[in-house]
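Top to bottom, those sequences are chains A and B.
Those letters in the first sequence? Residues 682 to 795, per my numbering, in order.
Those letters in the second sequence? Residues 881 to 996, per my numbering, in order.
Virtual Cβ for every residue (Gly too), placed ideally from N, Cα, C.
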Amino acid sequence: QKEVEQNSGPLSVPEGAIASLNCTYSDRVSQSFFWYRQYSGKSPELIMSIYSNGDKEDGRFTAQLNKASQYVSLLIRDSQPSDSATYLCAVNALSGGGADGLTFGKGTHLIIQP
Amino acid sequence: DAGVTQSPTHLIKTRGQHVTLRCSPISGHKSVSWYQQVLGQGPQFIFQYYEKEERGRGNFPDRFSARQFPNYSSELNVNALLLGDSALYLCASSLSAGPGGNQPQHFGDGTRLSIL
């Protein structure tokens, strides 16, 4: 049973600070890792993908992956009130005859305080 | 370019009825996946289709079925609806669907299904 764990929060961060979101996964053969942002009542929006160990930066967002520790994180620099949303961590494993879809965590509710 | 489009946006059904949800992928994307999201949870994988063939299936009962058409659009069918089927149904498309699923999936706005 593949599992993806996230702290549900809420995580409250002052405007302008760095928000740090964490995710752990259970399936060691996981290959692809994604962060989605979901505003209340809306669908998930892809913000980052990462496939190899280390950091990947895109604007104010940095994804970090450590496969040995089965850990992936998302840093949001210079947090803005518009970043307030639920952040979903998603993992995809090698197809081994089973489901080839994404396994999502429950999401972390992030609140940026003005 | 248009994103993933889903129809209808909202639907109300009663227990025991049947429902068909529709999805058109991003132009050029050949893979479509379906997810169910209940309030407070992350999306749960239902099906993935690529080139009109089922490539993956999640832990959902046989009441759930899907298919993909030659133009890569897709339908999700649910029979004998239960109250627990009330959820947001999301369709996602990606360029391809190979081992490891490296291609990012992009979601449509979803269909909100309510069962009375």
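Exposed or buried, which one is residue i when buried takes at least 16 other CB atoms within 10 Å?
i                : result
Gly779 (chain A) : Any reading at Gly779 (chain A) must be qualified, since the residue scores a pLDDT of 45, below 50, and its modelled position is unreliable; the value itself is stated next. Gly779 (chain A) is exposed by the Cβ-count criterion.
Gly667 (chain A) : This structure cannot speak to residue 667 (chain A), because chain A is shown only from 682 to 795.
Ile728 (chain A) : buried
Ile995 (chain B) : buried
Tyr759 (chain A) : Looking at the sequence shown, residue 759 (chain A) is not Tyr but Asp. So Asp759 (chain A) ends up on the exposed side.
Val772 (chain A) : buried
Thr894 (chain B) : exposed
Asp942 (chain B) : exposed
Gly777 (chain A) : Summary for Gly777 (chain A): the model assigns pLDDT 45, below 50, so the residue's position carries little reliability, and this model does not support an answer.
Leu746 (chain A) : buried
Ile757 (chain A) : buried
Val884 (chain B) : buried
Phe785 (chain A) : buried
Tyr720 (chain A) : exposed
Ser724 (chain A) : buried
Ser707 (chain A) : exposed
Phe949 (chain B) : exposed
State yes or no: is the beta carbon of residue i nearer than 8 Å to at least one beta carbon in chain A?
i                : result
Gln928 (chain B) : yes
Ser913 (chain B) : yes
Gln921 (chain B) : yes
His890 (chain B) : no
Pro984 (chain B) : yes
Phe944 (chain B) : no
Phe987 (chain B) : yes
Thr991 (chain B) : no
Leu996 (chain B) : no
Gly908 (chain B) : no
Gly936 (chain B) : yes
Gly962 (chain B) : The displayed chain sequence assigns Leu, not Gly, to residue 962 (chain B). No, because no Cβ of chain A sits closer than 8 Å to the Cβ of Leu962 (chain B).
Residue i CB to nearest chain B CB: under 8 Å?
i                : result
Gly782 (chain A) : yes
Phe742 (chain A) : no
Ser713 (chain A) : yes
Ser733 (chain A) : no
Pro691 (chain A) : no
Leu727 (chain A) : yes
Among the options, which has the Cα closest to the Cα of residue i?
i                : options                                   : result
Ser701 (chain A) : A:Asn773, A:Phe785 and A:Leu769           : A:Leu769
Asn703 (chain A) : A:Gly697, A:Tyr717, A:Gly722 and A:Val710 : A:Tyr717
Lys748 (chain A) : A:Phe714, A:Gly788 and A:Pro795           : A:Phe714
Gln921 (chain B) : B:Ala967, B:Ser973, B:Gly988 and B:His986 : B:Ala967
Ser711 (chain A) : A:Ser689, A:Glu684, A:Val694 and A:Ser721 : A:Glu684
Leu970 (chain B) : B:Leu962, B:Tyr930, B:Leu993 and B:Asn939 : B:Leu993
Pro795 (chain A) : A:Arg709, A:Gly690, A:Ala698 and A:Asn688 : A:Ala698
Pro762 (chain A) : A:Gln687, A:Leu692, A:Val753 and A:Glu726 : A:Leu692
Given 7 Å as the limit, tell me if residue i has its C-beta closer than that to any heavy atom belonging to the ligand ADP.
i                : result
Phe940 (chain B) : Of ligands this structure carries none, so the ligand ADP is not represented either.
Hey, is the segment 728-740 of chain A in contact with the segment 908-916 of chain B, meaning 3+ C-beta pairs nearer than 8 Å?
-> Here the segment 728-740 of chain A does not lie against the segment 908-916 of chain B, with fewer than 3 beta-carbon pairs under 8 Å apart.
Q.
When you compare the segment 885-892 of chain B with the segment 933-941 of chain B, are there three or more beta-carbon pairs, one atom per stretch, that lie closer than 8 Å?
A. The segment 885-892 of chain B makes no contact with the segment 933-941 of chain B, as fewer than three CB pairs between them are under 8 Å.
### Message
Does the contact criterion of 3 or more C-beta pairs under 8 Å hold for the segment 898-907 of chain B versus the segment 943-958 of chain B?
### Response
Short answer: they touch.
Give, in chain order, every unbroken run of the alpha helix (DSSP H) that is at least 4 residues long and sits entirely within the segment 942-969 of chain B. Along the segment 942-969 of chain B, the alpha helix (DSSP H) does not occur as any fully enclosed run of 4 or more residues.
In chain order, each beta strand (DSSP E) run of at least 3 residues that lies wholly inside the segment 693-732 of chain A: Counting whole runs of 3 or more residues, the segment 693-732 of chain A contains the beta strand (DSSP E) stretches 700-706, 711-719 and 726-731.
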